[in-house]
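Trainee:
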Amino acid sequence: MTVDYIRYQYRIYPTPGQRQMLARTFGCCRTVWNDALRIFQDAYKAGEERPVFGAVTTAVTVSAKRTVERAWLGEVSCVPLQQSMRQLYSAFGSFFNSMSGKRKGPKVCPPRFKRRSGRQSAEFTRRGFVLRGNGRLYLAKIGEVKVAWSRELPSEPSSVTVIKEATGKYFVSFVVAVEGEPLPDLGEGSVVGIDLGLSVFAVTSGGKRIESPKFLRRAERKIKKYQRAVSRKEKGSNNRRKARLKLAKVHARVAAQRRDFIEQETTRLVRENQTIAVETLNVKGMAAKGMHLGKSVHDQALGMFLRVLAAKAARAGRTVIAVDRFYASTQICSECEAKTGPKGKEELHIREWECTACGAVHDRDVNAAINILREGLRLIAEVEQLAAGHQKARNTLPGAESLNACGGDTQDQRTTGSPRDPTSGGTEPGTRAEPDDRKTNR
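Start counting the sequence shown at 2; every next residue gets the next number (our numbering).
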């Protein structure tokens, strides 16, 4: 049984005084981050060695509170300030690991200075929060906050992050440990291949189409209207603040609709299929300026879809196999496997084509999904065959020992007697063989 750490998010309703304290906490976390980052950057520019992280943490938190300029840091809890420093340390670790090649994926930029933005957050560990019996959440130096509990927590949370969105709404996000609950095995026949696209969100190998909701495109006129209203208002005025709030609410609604759509579709796919084959996508490349598809690619949120699908499949005991994006799934005929399909960007408009080798007529997306499924099953078979080969080689190695069906030791291949008999050429458990014996046994 695997244990995963996931987040449970709830809406909270702080009082006006608690909102003021949360605003101070957000600002103090941002200040501590910027002060520490400035120390690291100054040391780098001066050619000095990297400062010790513990000393920097003490300087920007404990020592800074005793100064006149940073005395207001003592008005908030020290827990979120320390967590802000841990986050900076993690950011530096990801950057250095990315530069050295230890971290997989694209290169990570070094940490940057934070500024006040629409979304602000502060993290509290177990030392800084308590779940009260009356259903309220106590935060250090903030007080008991009303929580809208939509569901119960599966276990005791290890940390909680307080979030203020650009719309002015407050949320708390708990990190809890949950045990994976595998769904019933559907058998080897329950497999599906998925071809992701832009005109259609996804097409399965069975011919089912998931239409693209295009939430951003549908709200584009309203977004443009509110964006123009923001640009007409004087900077710093209350009217501009109200206009920005209206614009933020439209964007928040689009994001919530997109997230809900992806959650529902991924849950359905995981419940209905045992093995899912998908194509890896270069989302950043697809959204590049030269492709003129950036807005449509980001509106689809294909990267979020793949991440959520993989996470849910892992918890449910399902298999997700990733097919390389350079695999010519569109060009290969799913009937005769001849490479006679449409090629290149010039033939993107061709949605249906006929194979010149066998005469089969294919829908472009359905044919690609079938080929992705076939390639995924082939990759799974290769992995299983390779694992079986390694196990067979391990069992046939000279000197290998194994257990028989009853749990007892089988006869040692190195000797003719029992491996525990010191007179048969073996060694007693817990004793070390002589050098000559080790060479002979090898």
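Cβ atoms here follow ideal geometry from the backbone N, Cα and C, with glycine treated the same way. No experiment lies behind these values; they were computed from the predicted model shown.
#1: State yes or no: is the C-beta of Val179 within less than 8 Å of the C-beta of Ile7?
#2: What three-state label does DSSP hand His363 in the structure shown?
#3: Enumerate, from N- to C-terminal direction, the unbroken beta strand (DSSP E) stretches of 3 or more residues contained entirely within the region 123 to 200.
#4: Kindly indicate which residue of Arg117, Pro158, Thr58 has the alpha-carbon position closest to the one of Leu132.
#5: Since I believe Ala37 is in contact with Met86 (beta carbons under 8 Å), could you give me their beta-carbon distance rounded to a whole number of angstroms?
#6: Quick one: what's got a C-beta closer than 6 Å to Thr16's C-beta in the same chain, skipping five residues either side?
#7: Using a Cβ distance threshold of 8 Å, determine whether the region 144 to 151 contacts the region 24 to 32, with at least three qualifying pairs required.
#8: Which value, in whole angstroms, describes the spacing of the CA atoms of Val173 and Thr162?
#9: State the Cα-Cα distance for the pair Phe175 and His391, rounded to the nearest angstrom.
#10: For Gln301, count neighbouring Cβ atoms within 10 angstroms of its own Cβ and tell me buried if that reaches 16, exposed if not.
#11: With distances taken Cα to Cα, identify the nearest neighbour of Thr168 among Ala249, Ser91, Gly318, His293.
#12: Which two residues bound the contiguous alpha helix (DSSP H) that contains Arg241?
#13: What's the C-alpha gap between Gln121 and Glu348?
#14: Could you check where the beta strand (DSSP E) with Glu212 kicks off and where it finishes?
#15: Between Arg319 and Ser297, what straight-line distance do the alpha-carbon atoms span, to the nearest angstrom?
#16: Would you list, in sequence order, the uninterrupted beta strand (DSSP E) runs of no fewer than 3 residues that lie entirely inside the region 298 to 338?
#17: Can you tell me which of Ala253, Ser206, Arg269, Val193 puts its alpha carbon nearest to the alpha carbon of Val321?
#18: Would you tell me roughly how many angstroms separate the C-alpha atoms of Thr341 and Ala394, rounded to the nearest one?
#19: Check Arg31 in the structure and name its three-state DSSP category.
#20: Roughly how many angstroms separate the alpha carbons of Leu276 and Leu270, rounded to a whole number?
#21: Could you pull the DSSP bridge partners for Ile13 from this structure?
#22: Would DSSP call Val57 helix, strand or coil?
#23: Under a three-way DSSP split, which group does Arg20 fall into?
#24: Please state if the CB of Asp43 and the CB of Val201 are separated by a distance shorter than 8 Å.
#25: Would you kindly check if the distance between the Cβ of Thr26 and the Cβ of Ala123 is under 8 Å?
#26: For Val4, does the three-state DSSP call read helix, strand or coil?
#27: Which first and last residues belong to the beta strand (DSSP E) in which Ala278 is found?
#28: When you compare the CB positions of Gln258 and Phe216, do they come within less than 8 Å of one another, or not?
#29: Whether or not the region 111 to 120 and the region 65 to 79 are in contact is what I'm after, with contact meaning three or more pairs of Cβ atoms, one per stretch, closer than 8 Å; do they touch?
#30: Measure the alpha-carbon distance for Thr3 versus Arg316 and round it to whole angstroms.
#31: Within this structure, are the beta carbons of Pro107 and Phe96 separated by less than 8 Å?
#32: If we ignore side chains and look at the alpha-carbon of each, how far apart do Thr1 and Lys236 end up?
#33: Can you tell me whether Arg229 is buried or exposed, with buried defined as 16 or more other CB within 10 angstroms of its CB?
#34: One question on the structure: do Ile244 and Val231 come within less than 8 Å of each other, judged by their Cβ atoms?
#35: Short of 6 Å in beta carbon distance, which residues of its chain neighbour Asn240, apart from the five on each side in sequence? Order them along the chain.
Mentor: With the structure as the only source:
#1: The answer is yes: Cβ separation under 8 Å.
#2: Shown here, His363 sits in a strand according to DSSP, grouped into three states.
#3: With a minimum length of 3 residues, the continuous beta strand (DSSP E) runs that stay inside the region 123 to 200 are 130 to 132, 138 to 140, 144 to 149, 160 to 165, 171 to 180, 192 to 197.
#4: Residue Pro158 is the option with its Cα nearest to Leu132.
#5: Indeed, because the Cβ distance is near 6 Å, the residues count as touching under 8 Å.
#6: Excluding the 5 residues flanking it on each side, Thr16 has no same chain C-beta neighbour closer than 6 Å.
#7: No: fewer than three Cβ pairs fall under 8 Å.
#8: When rounded, the distance between both Cα atoms is 6 Å.
#9: Answer to the nearest angstrom: the Cα atoms are 42 Å apart.
#10: Residue environment: Gln301 is assigned as buried (16 or more neighbouring CB atoms within 10 Å of its CB, all protein chains considered).
#11: Relative to Thr168, the option among Ala249, Ser91, Gly318, His293 whose CA is nearest is Ala249.
#12: Secondary structure note for Arg241: its alpha helix (DSSP H) is the uninterrupted segment 239 to 273.
#13: Going by the C-alpha atoms only, they are around 46 Å apart.
#14: Glu212: member of the beta strand (DSSP E) spanning 210 to 212, first to last residue.
#15: Taking the CA atoms as reference points, Arg319 sits about 30 Å from Ser297.
#16: The region 298 to 338 contains these whole beta strand (DSSP E) runs: 320 to 324.
#17: Per the Cα distances, Val193.
#18: Cα to Cα, Thr341 sits roughly 41 Å from Ala394.
#19: Judged by DSSP in its simplified three-state form, Arg31 adopts helix.
#20: Inspection of the sequence shows that residue 276 is occupied by Thr rather than by Leu. The alpha-carbon atoms of Thr276 and Leu270 are separated by roughly 10 Å.
#21: DSSP output for Ile13 lists Val148, Tyr171 as bridge partner(s).
#22: In the three-state reduction of the DSSP assignment, Val57 falls in the helix class.
#23: Of the three classes helix, strand and coil, the one that applies to Arg20 here is helix, per DSSP.
#24: In this structure, Asp43 does not lie closer than 8 Å to Val201 by Cβ.
#25: Pairing Ala123 with Thr26 gives a Cβ-Cβ distance under 8 Å.
#26: Correct three-state label for Val4: strand.
#27: Note, Ala278: beta strand (DSSP E), 276 to 280.
#28: It is a contact, given that the beta carbons lie within the stated cut-off.
#29: The region 65 to 79, when compared against the region 111 to 120, does not touch it at the 8 Å Cβ threshold.
#30: For Thr3 and Arg316, the gap between their C-alpha atoms comes out near 8 Å.
#31: Contact: no.
#32: Look at the range of the chain in this structure, 2 to 443, and you will see that residue 1 is not part of it.
#33: The residue in question, Arg229, is exposed, as its Cβ has fewer than 16 Cβ neighbours within 10 Å.
#34: Here residue 244 turns out to be Ala, not Ile, going by the sequence shown. The answer is yes: Cβ separation under 8 Å.
#35: Within the same chain, Lys234 come within 6 Å of Asn240 by CB-CB distance, once the 5 residues on both sides are set aside.
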